[in-house]
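Residue numbers (the numbering used here): 5 to 149.
Beta carbons are placed, not taken as given, at the ideal position from N, Cα and C, and that holds for glycine.
The block underneath contains the structure these notes are about, expressed in C-alpha cells.
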C-alpha cells in the first residue's frame, strides 16, 4: 500500500513522527511524543530490514509555515512555525535568500512529508528532521538540497 492510498482510505493527512520496533507500541495517553490519542502505527509503510516501523500522527487542520533560508555559501536551513514568520531585519543584507511556504490543506504543500519528498534525505535521517521541525527548531538541510 502506498502512503497516498493510505491517506485517501483514512481521510486525512498523516505525518511520520517516530520509529519504533514494535507495532502498536503507542497507546492512548501521554508519551515522550505528546498526546497519543490520534497516533496509529502503520507496519507496512517504510518498514526496513531491521524491523523498524513508522508511527504516524494525524495532522492538525491548521496551516503551518515552513521558513527556508538559502545562504550564499551554499548552506541551507529550515524551520516550521504555526504563525507566519515575519522577515527579519537582516534578510535584505544579501546573507541569504528567504522563502516561506505554507503546509496544510489548499497550501503549497499538503503535508510536511510532501515537502520532505522533494529533498534527497536518507530514511534514517527523516525522523530526527521531522521531530526537530515540529519542535520549531532550525534544521540544517544543506546535505539534502
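- How about residue 84 and residue 123: are their beta carbons less than 7 Å apart? no
- Report buried or exposed for residue 117, applying the criterion of at least 16 other Cβ atoms within 10 angstroms of its Cβ. buried
- Task: State the Cα-Cα distance for the pair residue 68 and residue 135, rounded to the nearest angstrom.
- Result: 15 Å
- Message: According to DSSP, simplified to helix, strand and coil, what is residue 76?
- Response: coil
- Item | Pairwise C-alpha distance: residue 114 and residue 80 | 22 Å
- Query: To the nearest angstrom, how far is it from the Cα of residue 105 to the Cα of residue 112?
  - Reply: 6 Å
- Query: Out of 147, 142, 100, which has the shortest C-alpha to C-alpha gap to residue 129?
  - Reply: 147
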